[in-house]
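As they're listed, the protein sequences go chains A, B, C and D.
Read left to right, the first sequence gives residues 1 to 92 (full-length UniProt numbering).
Read left to right, the second sequence gives residues 1 to 92 (full-length UniProt numbering).
Read left to right, the third sequence gives residues 1 to 92 (full-length UniProt numbering).
Read left to right, the fourth sequence gives residues 1 to 92 (full-length UniProt numbering).
Okay, so here's the structure we're looking at.
There are 4 protein chains.
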Amino acid sequence: MKATAELQVIPLGSEVSVREEVRRAVQLLHDRDLILETHASGTNIEGELDEILAAVKLVHETLHQEGSVRLLSYVKLETRSDKVPTLVAKRL
Amino acid sequence: MKATAELQVIPLGSEVSVREEVRRAVQLLHDRDLILETHASGTNIEGELDEILAAVKLVHETLHQEGSVRLLSYVKLETRSDKVPTLVAKRL
Amino acid sequence: MKATAELQVIPLGSEVSVREEVRRAVQLLHDRDLILETHASGTNIEGELDEILAAVKLVHETLHQEGSVRLLSYVKLETRSDKVPTLVAKRL
Amino acid sequence: MKATAELQVIPLGSEVSVREEVRRAVQLLHDRDLILETHASGTNIEGELDEILAAVKLVHETLHQEGSVRLLSYVKLETRSDKVPTLVAKRL
Numbered sequence: 001m002k003a004t005a006e007l008q009v010i011p012l013g014s015e016v017s018v019r020e021e022v023r024r025a026v027q028l029l030h031d032r033d034l035i036l037e038t039h040a041s042g043t044n045i046e047g048e049l050d051e052i053l054a055a056v057k058l059v060h061e062t063l064h065q066e067g068s069v070r071l072l073s074y075v076k077l078e079t080r081s082d083k084v085p086t087l088v089a090k091r092l
Numbered sequence: 001m002k003a004t005a006e007l008q009v010i011p012l013g014s015e016v017s018v019r020e021e022v023r024r025a026v027q028l029l030h031d032r033d034l035i036l037e038t039h040a041s042g043t044n045i046e047g048e049l050d051e052i053l054a055a056v057k058l059v060h061e062t063l064h065q066e067g068s069v070r071l072l073s074y075v076k077l078e079t080r081s082d083k084v085p086t087l088v089a090k091r092l
Numbered sequence: 001m002k003a004t005a006e007l008q009v010i011p012l013g014s015e016v017s018v019r020e021e022v023r024r025a026v027q028l029l030h031d032r033d034l035i036l037e038t039h040a041s042g043t044n045i046e047g048e049l050d051e052i053l054a055a056v057k058l059v060h061e062t063l064h065q066e067g068s069v070r071l072l073s074y075v076k077l078e079t080r081s082d083k084v085p086t087l088v089a090k091r092l
Numbered sequence: 001m002k003a004t005a006e007l008q009v010i011p012l013g014s015e016v017s018v019r020e021e022v023r024r025a026v027q028l029l030h031d032r033d034l035i036l037e038t039h040a041s042g043t044n045i046e047g048e049l050d051e052i053l054a055a056v057k058l059v060h061e062t063l064h065q066e067g068s069v070r071l072l073s074y075v076k077l078e079t080r081s082d083k084v085p086t087l088v089a090k091r092l
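So, in structure tokens, the structure goes:
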């Protein structure tokens, strides 16, 4: 099942700037079979739902391994049965 | 890896009341190995991250099979490496 | 116009535990003319939309005055024209 | 106080496509004194916090006046005391 999503990852107990962790998260997403659009409030994602969920898990696992103590993710997920959801089709 | 989460599922193109779909989603969550706290803005979840993500997928798949055309999920996910995250510990 | 909402405030650049800031935010909400239900992923709110939005602003202003450098709020807002939205009516 | 934000408005009880309401919401935002970046999961906003909150209220009021029965908004709000928050500065 294809899906579109938005992912924003927030490390707690880090610095005021969380750019380092956010950059690493986006880098991890780029290594997956996903279409990405990064913007000021997160990264929009298009791909298989399984692959999106696996990527979210990978981001948490990897950032923890690299030192993040506490991680919050805000995920918007969209699926539809009438047509294949794409980021392009969601443009106004 | 254990996690806590909040899931809110919204069907688009349904009625003004989406109670039927929300009840079904919560019922599907109850069939999984998860601790749940349902409230007015979603359902708080505690369990294995894998199990939480699998439950989100199951909710989308099942609601589509049962007629929902378009589904949005709003998911908050939290993991931490310093202790096991629980819903109880997040109470003020 | 009446509304229901969920508010979760996250301070960045604070400790791994953000309980102090979250408690203060909830305390500020309690001083307003709002119905509140605090849970593990935020605080559900019922009241006038104006009052809810003013409370969100007050939380940001006050926490900054008290030392928070960077604040993220995640707000879910709901309004409806067919009946008065309440937290009680959103229970399953 | 300046802020950055993300706003996504979802009408319930509408069609599977909610493009009409989303376009109208973005149009209402464009009439305000705000910097906007529309993307697949919402619209990023930069401006005075008061102006952002007033715009959220205006969107709900106007869409209800124009026929929407039930509206959900998902709002991410960010403020900081160390520098003026901008959308440009949040680019990776």
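For glycine and all other residues, C-beta sits at the position ideal for the given N, C-alpha and C.
ask   = Enumerated in chain order, which unbroken segments of the alpha helix (DSSP H) with a length of 4 residues or greater are wholly contained in the UniProt domain "Thiamine-binding protein" (5-90) of chain A?
value = Counting only runs of at least 4 residues, the UniProt domain "Thiamine-binding protein" (5-90) of chain A fully encloses the following alpha helix (DSSP H) elements, listed from N- to C-terminal order: 19-30 and 49-65.
Alpha carbon to alpha carbon, how far is Asp82 (chain C) from Ala5 (chain B)? Give it in angstroms, no decimals.
Within the second sequence, residue 5 (chain B) is the residue found at index 5, counting from 1. Within the third sequence, residue 82 (chain C) is the residue found at index 82, counting from 1. Taking the straight line from one Cα to the other gives about 31 Å.
* Is Ala25 (chain A) close to chain B, meaning its C-beta is less than 9 Å from at least one C-beta of that chain? -> Counting from one through the first sequence, the residue named residue 25 (chain A) turns up at place 25. No, Ala25 (chain A) lies away from the interface with chain B (no Cβ there is under 9 Å from its Cβ).
**Request:** Report the neighbours of Asp40 (chain C) on chain B: residues whose CB is nearer than 7 Å to its CB, in chain order.
**Result:** For the purposes of this step, residue 40 (chain C) is taken as the residue at position 40 of the third sequence. Note on identity: in this sequence residue 40 (chain C) is Ala, with Asp being the wrong assignment. Result: Thr4, Glu37, Asn44, Leu87, Lys90 and Arg91.
Practice problem: Note down, in chain order, every chain B residue with its Cβ under 8 Å from the Cβ of Asp82 (chain C). | Solution: Against the third sequence, residue 82 (chain C) aligns to sequence position 82. Under the 8 Å cutoff, chain B gives Val16.
task: Using a threshold of 9 Å, state whether the C-beta atoms of Val75 (chain C) and Leu28 (chain C) are closer than that.
output: Against the third sequence, residue 75 (chain C) aligns to sequence position 75. Against the third sequence, residue 28 (chain C) aligns to sequence position 28. In this structure, Val75 (chain C) lies away from Leu28 (chain C), with their beta-carbon atoms at least 9 Å apart.
Original post:
Using the beta-carbon of each residue, which ones in chain A are nearer than 9 Å to Leu12 (chain C)?
Top reply: For this step, residue 12 (chain C) is matched to residue 12 along the third sequence. Within 9 Å Cβ-Cβ: Ile10, Pro11, Leu12, Ser14, Glu15, Val16, Ser17 and Val18.
Q: Buried or exposed for Gln8 (chain D), please, with buried defined as at least 16 other CB atoms from any protein chain shown within 10 angstroms of its CB.
A: Here residue 8 (chain D) corresponds to residue number 8 of the fourth sequence, with the count starting at 1. With 16 or more Cβ atoms within 10 Å of its Cβ, Gln8 (chain D) is classed as buried.
- prompt: Quick one: does Glu51 (chain C) have its CB under 9 Å from some CB of chain D?
  reply: Position 51 of the third sequence, counted from the first residue, corresponds to residue 51 (chain C). So, not an interface residue.
Which term fits Glu78 (chain D), buried or exposed, when burial requires 16 or more other beta carbons within 10 angstroms of its beta carbon?
As a position in the fourth sequence, residue 78 (chain D) is number 78, starting the count at 1. Glu78 (chain D) should be labelled buried.
Practice item. Sort C:Pro11, C:Met1 and C:Lys2 by Cα distance to Gln65 (chain C) and report the nearest one. Key: Looking up residue 65 (chain C) in the third sequence gives position 65. Taking only the C-alpha atoms, the option nearest Gln65 (chain C) is C:Pro11.
- Query: Can you tell me whether Glu15 (chain C) is buried or exposed, with buried defined as 16 or more other CB within 10 angstroms of its CB?
  - Reply: Working through the third sequence from its first residue, we reach residue 15 (chain C) at position 15. Glu15 (chain C) is exposed by the Cβ-count criterion.
Examine chain B for any beta-carbon lying closer than 9 Å to the beta-carbon of Val22 (chain A), and answer yes or no.
Residue numbering aside, residue 22 (chain A) sits at position 22 when the first sequence is read from its first letter. Taking 9 Å as the threshold, the shortest C-beta distance from Val22 (chain A) to chain B does not fall below it.
message = Using the Cβ count rule (16 or more neighbours within 10 Å means buried), how would you classify Gly67 (chain D)?
response = Residue mapping note: residue 67 (chain D) aligns to position 67 of the fourth sequence, counting from 1. Gly67 (chain D) comes out exposed.
Handout entry: Under 8 Å (Cβ pairs) to chain B, residues found in the region 45-79 of chain D
Key = Within the region 45-79 of chain D, the residues whose Cβ lies closer than 8 Å to any Cβ of chain B are, in chain order, Val69, Arg70, Leu72 and Tyr74.
Using 8 Å as the threshold, is the region 43-55 of chain B in touch with the region 38-49 of chain D, meaning 3 or more CB pairs across them? no
Buried versus exposed call for His39 (chain B) [16 or more other C-beta atoms within 10 Å across all chains shown] | Residue numbering aside, residue 39 (chain B) sits at position 39 when the second sequence is read from its first letter. Buried, since its Cβ has 16 or more Cβ neighbours within 10 Å.
inquiry  = By alpha-carbon positions, which one of C:Arg91, C:Ala25 and C:Leu87 ends up nearest to Ala3 (chain C)?
reply    = Translated into the one-based positions of the third sequence, residue 3 (chain C) becomes position 3. Measuring from the Cα of Ala3 (chain C), the nearest candidate turns out to be C:Leu87.
| said: Let me make sure I understand the geometry here. Which of B:Arg23, B:Ala89 and B:Asp50 has the alpha-carbon closest to that of Glu61 (chain A)? | reply: As a working mapping, residue 61 (chain A) is identified with position 61 in the first sequence. Measuring from the Cα of Glu61 (chain A), the nearest candidate turns out to be B:Asp50.
* Just how far apart, CA to CA, sit residue 93 (chain B) and Glu37 (chain B)? -> With chain B covering 1 to 92 only, the question about residue 93 (chain B) has no answer from this structure.
Starting from the C-beta of Arg32 (chain C), find all residues in its chain whose C-beta is less than 7 Å away, skip the five residues before and the five after it, and write them out in chain order. Residue 32 (chain C) sits at position 32 when you count from the first residue of the third sequence. Within the same chain, Arg32 (chain C) has close Cβ partners Glu51 and Ala55.
* Local Cβ density within 10 Å of Arg80 (chain C), reported as buried at 16 or more and exposed below that -> Working through the third sequence from its first residue, we reach residue 80 (chain C) at position 80. It counts as buried.
Determine the burial state of Arg91 (chain B): buried for a count of at least 16 other Cβ atoms within 10 Å of its Cβ, exposed for fewer.
Translated into positions along the second sequence, residue 91 (chain B) becomes position 91. Exposed, because fewer than 16 other Cβ atoms sit within 10 Å of the Cβ of Arg91 (chain B).
Report task. Output yes or no for whether 9 Å exceeds the beta carbon distance between Leu53 (chain B) and Leu53 (chain A). Result -> The count along the second sequence starts at 1 and reaches residue 53 (chain B) at position 53. The count along the first sequence starts at 1 and reaches residue 53 (chain A) at position 53. Yes, the Cβ-Cβ distance between Leu53 (chain B) and Leu53 (chain A) is below 9 Å.
Please report the distance separating the alpha-carbon of Leu34 (chain B) from that of Gly13 (chain A).
In the second sequence, residue 34 (chain B) corresponds to position 34, counting from 1. In the first sequence, residue 13 (chain A) corresponds to position 13, counting from 1. Going from the Cα of Leu34 (chain B) to the Cα of Gly13 (chain A) covers about 27 Å.
- When the Cα of residue 125 (chain B) is compared with those of D:Ala89, D:Leu72 and D:Arg19, which residue comes out closest? Residue numbering for chain B in the displayed model covers 1 to 92; residue 125 (chain B) lies beyond these limits and cannot be assessed.
(Q) Counting C-beta neighbours from all protein chains within 10 Å, is the total for Val22 (chain C) 16 or more, i.e. buried, or is it exposed? (A) On the third sequence, position 22 is the one that residue 22 (chain C) refers to. Under this definition Val22 (chain C) is a buried residue.
Checklist line | Candidates C:Val69, C:Ala89 and C:Val84, of which the one nearest Pro85 (chain D) by Cα | finding: If you number the fourth sequence from 1, residue 85 (chain D) lands on position 85. When only C-alpha atoms are compared, the closest one is C:Val69.
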